[in-house]
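Visitor:
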Amino acid sequence: MKFVRFTSEGELPRVGVVVDDTYRVIEGHHDLLDLIQQGEETLRKAGEQAIQAGAVVDPSTVRNLSPIATPPTFRDFYAFEQHVKAGRESRGLEMNPLWYKIPVFYFSNPYNFKGEGEIPMTPGSERFDFELEVAAVVGKGGQDLTAEEGEDAIIGYSILCDWSGRDIQHEEMLLSMGPVKGKDTATSLGPWLVTKDELEPYRTATGFDRAMSLKVNGVEYSRANWADVHYSFGEMVSYASRGTEVRPGDVFGSGTCGTGCILELSRTHGEGEFPWLQAGDEVLIEIEGLGTQRTTMAKTPVPASFRRQGLE
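For the sequence shown, the numbering used here assigns the number 73 to the initial residue and increments by one for each residue that follows.
#1: Assuming contact is defined by CB atoms lying nearer than 9 Å, are P320 and K212 in contact in what I supplied?
#2: Count the other CB atoms, across all protein chains shown, that sit within 10 Å of the CB of M308; report buried if there are 16 or more and exposed otherwise.
#3: Starting from F305, follow the alpha helix (DSSP H) in both directions and report where the run begins and ends.
#4: Between G250 and G327, what straight-line distance do the alpha-carbon atoms span, to the nearest angstrom?
#5: Measuring only the C-alpha atoms, how far is E99 from V91?
#6: Roughly how many angstroms lie between the CA atoms of A219 and A376, to the nearest whole one?
#7: When you compare only the Cα positions, how much space is there between Q124 and R77?
#8: Measure the alpha-carbon distance for T257 versus K186 and round it to whole angstroms.
#9: At what residues does the alpha helix (DSSP H) containing Q154 begin and finish?
#10: What separation, rounded to the nearest whole angstrom, lies between the Cα atoms of G238 and T331?
#11: Per DSSP, what kind of secondary structure is R275 in: helix, strand or coil?
#12: Around the C-beta of K255, are 16 or more other C-beta atoms found within 10 angstroms, so that it is buried, or is it exposed?
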């Protein structure tokens with residue numbers, strides 16, 4: 073099934089199931105998180121009931137939101153070799169052998185998950201970027217999980233875009249911290265949460281044979297395949313659960329696919345061919361089986377000083 077969360081102007085968010093070209097409403101819920109936390113069987117039954125008797129909504133009359141308003145946690149990984157290798161080559165570095173041993177990740181902000189519509193750019197950034205990714209959502213909690221148990225814990229998948237202020241990120245990481253403010257202004261998830269059974273026919277050793285693409289103002293910037301990911305989401309969930317818990321609703325990002333951000337493209341081809349995002353730019357992401365995510369960059373005000381008066 074494909075689950076969706078959406079809203080109309082002046083109304084509370086609703087959740088539903090995608091049926092052909094319509095949404096069927098799951099009554100009594102404003103977020104998918106509570107259904108996910110009740111377990112895969114509860115989510116499935118709610119979807120089946122909506123398919124049979126839910127109110128019908130025309131998707132063209134509503135705005136799609138992030139399927140989960142505020143995930144309990146958001147971990148973003150670094151799992152596509154082509155992207156990692158391109159970044160290191162542009163800096164004159166070879167691949168670090170540790171990357172093949174550890175599926176590294178960082179924690180990012182769960183409070184700024186967005187759906188379609190306007191995306192606020194990082195305050196103070198002049199080099200704003202997208203990152204084309206896939207997300208897995210955990211439906212079962214656990215600790216010290218094996219890769220197989222990590223795979224079983226996943227309830228579904230979604231398109232994810234990790235928006236990045238690259239100049240802010242660069243400054244933060246020069247101090248051996250971060251990324252922090254360079255990454256936490258917005259993360260786009262959706263439009264759908266797709267249950268894993270829908271993707272099973274396309275499973276490969278580490279991912280799924282599903283095309284990923286991204287366009288800016290109608291011009292294709294990125295194209296990749298989910299199957300090229302080095303670490304499976306089961307392995308990522310397993311590693312994240314070492315010595316701690318993962319919980320239902322936690323979101324796991326794959327990290328950027330090959331060609332999946334302007335930073336990589338500009339280092340390879342030059343900034344003239346792939347300029348940084350500006351206010352008004354439209355970004356369209358498509359991943360086979362996961363739908364289409366459409367967003368527009370919004371102008372961000374100049375940030376206020378964080379220092380006390382007289383210390384600027």
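The beta carbon of each residue, even a glycine, is placed where N, CA and C say it ideally should be.
It should be emphasised that the depicted structure is a prediction, and the values quoted were computed from it without experimental measurement.
Guide: In short:
#1: In contact: P320 and K212 (Cβ atoms closer than 9 Å).
#2: Residue environment analysis places M308 among the buried positions, since at least 16 neighbouring C-beta atoms fall within 10 angstroms of its C-beta.
#3: Here the alpha helix (DSSP H) through F305 covers 305-312.
#4: Going by the C-alpha atoms only, they are around 15 Å apart.
#5: Just so you know, the alpha carbons of E99 and V91 end up roughly 16 Å apart.
#6: Rounded to whole angstroms, A219 to A376 spans 45 Å at the Cα level.
#7: Rounded to the nearest angstrom, the two C-alpha atoms are 18 Å apart.
#8: In this structure, the alpha-carbon of T257 lies about 10 Å from that of K186.
#9: Element bounds for Q154: 153-162.
#10: Here residue 238 turns out to be Arg, not Gly, going by the sequence shown. Each residue's alpha carbon lies about 16 Å from the other.
#11: Three-state result, R275: strand.
#12: Burial check for K255: the Cβ neighbour count within 10 Å reaches 16 or more, so the residue is buried.
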